[in-house]
Amino acid sequence: MDAYQRLADNLAAAGIDVPAVKDKLGAQAIETPSWGYGNSGTRFKVFPWPGAPRNVYEKLDDAAYINRLTGAAPTVALHIPWDRVDDWPGLSQYAAERGIGIGAINPNVFQDEIYKLGSVCHPEAAVRERAVAHMIDCCAVMKATGSGLLSLWFADGTNYAGQDSMSDRKARLERGLAEVYAHLPDGGRMLIEYKFFEPGFYHTDLADWGIAYATALKLGPQAEVLVDTGHHALSTNIAHIVSYLLAEGRLGGFHFNSRRYADDDLIVGSGNPFELFEIFCELVSAGDAAADVAYMIDQSHNIEPKLEAMLVSVLNCQSAYAKALIVDYPLLRERQAAGDVLGAHRVYVDAFETDVRPLLAQVRLEQDRPPDPLAALRADNYAARAAAERGTAEMGGGGYPG
Ligand code: PSV
Ligand code: MN
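In structure tokens, the structure reads:
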């Protein structure tokens, strides 16, 4: 008997609906970021990668390739102005011809000189107005590309006690976002991302999920919280945050990445597979309440091959989801209700320790995808062709970690 059949039989014997699990795995969608394909790095150095895309069209080509290998990465997030083009409908068409779509639109209100002291929280009205105007412009990009998500992250914060009034900055933030909110397309959602430090090291205006959540509540039902897994103090229980936001109906989406120290932006699930699994368990447990959550990757590659890094991130999301789907939830609830501390924990551990690779391989085979996408990528000449066609970009010194 082959490995898949053995696993499917074991799961069925444990009461898991294997066809339903396979359907869910087949429908999983993880958005990849345009900025994860291009040359990126750390603040110390950006090493140019042979074949890194030179423009947004080539980024879409690469994203389409990852989607062809996995069937699980059907959309791409754009960062404006990094990905700005004159013809937005043309860009959407270009993506559609390659079997993918445009995902979240990310305004950039942190790289220009004027944003040294912040954007929407800046002490000068003229700077705040420019930031708001850019985000309103991005609402127009949403309409032109058919994107349903405006994904906001601000580098706003201060470095020293007394540098600026934290309460005035809060009021400016809320006023600015309310203006942007009014320009969201019908049905469009504003995702508010928080980060507890960097580049501000004394305070960050949107420091944590609580501030992002309170801001979303004030703005209205189209505003939700975005959880970037690298944006918390070490040992924060992210699964708890996810569970709370899901229960309150305000979990907008994720930026997945892995970290050991700070906002390391490493390959998703590479250093923290159990944490990723815990998060997916909350999402699976929430059922329909998680239906609209946007799953996005936000990572930055410094020394690793970009396509392979992105692929591994998608595969690790699939694996975490598969393990979360095969948790024996009725048994878990039973043991929880009985106060069986370690028995309940064991249910999680059993699922986490199950080798789900044969299950995922089977799902891929049934979708006419390579059963081992990583081996397929390594055997393929896509990356070598891209390197030959695109060459290696000239790079300067440092760059924002992304
Ligand atoms: C900031 O660290 C961040 O996580 C935000 O999501 C940005 O949009 C992204 O990185 C790229 O700079
Ligand atoms: Mn992020």
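Going by our numbering, the letters in the sequence shown line up with residues 16 to 417, in that order.
All C-beta atoms, glycine included, are put in the ideal place defined by N, C-alpha and C.
As the structure is a prediction and not an experimental result, all values here were calculated from the model.
Enclosing beta strand (DSSP E) for residue i [first to last residue]
{"i": "residue 271", "result": "266 to 271"}
{"i": "residue 94", "result": "90 to 95"}
{"i": "residue 54", "result": "Careful: residue 54 lies outside any beta strand (DSSP E) and carries neither H nor E."}
{"i": "residue 238", "result": "238 to 243"}
{"i": "residue 361", "result": "Counting along the chain, residue 361 falls outside any beta strand (DSSP E), though it belongs to the alpha helix (DSSP H) covering 356 to 368."}
{"i": "residue 208", "result": "204 to 208"}
Buried or exposed (CB count within 10 angstroms, at least 16 for buried), residue i
{"i": "residue 42", "result": "exposed"}
{"i": "residue 34", "result": "exposed"}
{"i": "residue 210", "result": "buried"}
{"i": "residue 239", "result": "buried"}
{"i": "residue 179", "result": "buried"}
{"i": "residue 398", "result": "buried"}
{"i": "residue 115", "result": "buried"}
{"i": "residue 364", "result": "exposed"}
{"i": "residue 384", "result": "buried"}
{"i": "residue 321", "result": "buried"}
{"i": "residue 413", "result": "Its pLDDT being 41, under 50, residue 413 is placed unreliably by the model, and nothing is read from it."}
{"i": "residue 338", "result": "buried"}
{"i": "residue 20", "result": "exposed"}
{"i": "residue 233", "result": "exposed"}
{"i": "residue 400", "result": "exposed"}
{"i": "residue 80", "result": "buried"}
{"i": "residue 356", "result": "exposed"}
{"i": "residue 46", "result": "buried"}
{"i": "residue 27", "result": "exposed"}
{"i": "residue 417", "result": "For residue 417, the predicted model reports a pLDDT of 46, less than 50, meaning its position is unreliable; a value from the coordinates is still stated below. Buried, since its Cβ has 16 or more Cβ neighbours within 10 Å."}
{"i": "residue 293", "result": "buried"}
{"i": "residue 123", "result": "buried"}
{"i": "residue 409", "result": "exposed"}
{"i": "residue 196", "result": "buried"}
{"i": "residue 255", "result": "exposed"}
{"i": "residue 104", "result": "exposed"}
Start-to-end residues for the alpha helix (DSSP H) that takes in residue i
{"i": "residue 290", "result": "288 to 301"}
{"i": "residue 82", "result": "71 to 85"}
{"i": "residue 250", "result": "Counting along the chain, residue 250 falls outside any alpha helix (DSSP H), and DSSP gives it neither H nor E."}
{"i": "residue 151", "result": "140 to 160"}
{"i": "residue 345", "result": "344 to 352"}
{"i": "residue 225", "result": "224 to 234"}
{"i": "residue 323", "result": "321 to 340"}
{"i": "residue 116", "result": "Where residue 116 is concerned, there is no enclosing alpha helix (DSSP H), although the beta strand (DSSP E) it sits in stretches over 116 to 122."}
Inter-residue CB distance, residue i and residue j (contact presumed, cutoff 8 angstroms)
{"i": "residue 405", "j": "residue 68", "result": "7 angstroms"}
{"i": "residue 208", "j": "residue 137", "result": "Not quite, the Cβ-Cβ distance comes to about 18 angstroms (not below 8 angstroms), so this is no contact."}
{"i": "residue 228", "j": "residue 206", "result": "12 angstroms between Cβ atoms; not a contact."}
{"i": "residue 161", "j": "residue 117", "result": "7 angstroms"}
{"i": "residue 176", "j": "residue 217", "result": "6 angstroms"}
{"i": "residue 172", "j": "residue 230", "result": "Not a contact, Cβ separation roughly 15 angstroms."}
{"i": "residue 75", "j": "residue 309", "result": "About 18 angstroms; that fails the 8 angstroms criterion."}
Selected residue, minimal CA-CA separation from residue i, among the options
{"i": "residue 329", "options": "317, 343, 341, 313", "result": "313"}
{"i": "residue 127", "options": "393, 143, 19, 287", "result": "143"}
{"i": "residue 300", "options": "288, 273, 336", "result": "336"}
{"i": "residue 166", "options": "81, 230, 241", "result": "241"}
{"i": "residue 106", "options": "371, 263, 158, 145", "result": "158"}
{"i": "residue 318", "options": "389, 60, 327, 390", "result": "60"}
{"i": "residue 287", "options": "308, 302, 306, 331", "result": "331"}
{"i": "residue 343", "options": "25, 86, 72", "result": "25"}
{"i": "residue 129", "options": "146, 273, 86", "result": "146"}
{"i": "residue 193", "options": "235, 376, 350, 394", "result": "235"}
{"i": "residue 226", "options": "377, 184, 367, 204", "result": "184"}
{"i": "residue 325", "options": "56, 78, 29", "result": "78"}
{"i": "residue 214", "options": "131, 32, 285", "result": "131"}
{"i": "residue 361", "options": "346, 17, 386, 75", "result": "346"}
{"i": "residue 272", "options": "381, 369, 149, 290", "result": "290"}
{"i": "residue 265", "options": "306, 246, 281, 284", "result": "306"}
{"i": "residue 39", "options": "373, 340, 367, 55", "result": "340"}
Distance cut-off 8 angstroms: residue i Cβ against heavy atoms of the ligand GDP
{"i": "residue 94", "result": "Only the ligand PSV and the ligand MN can be found as ligands here, which leaves the ligand GDP out of the picture."}
Legend entry - Sequence-ordered residues whose beta carbon comes within less than 5 angstroms of a heavy atom of the ligand MN: Going along the chain, the residues that qualify are 243, 270, 313.
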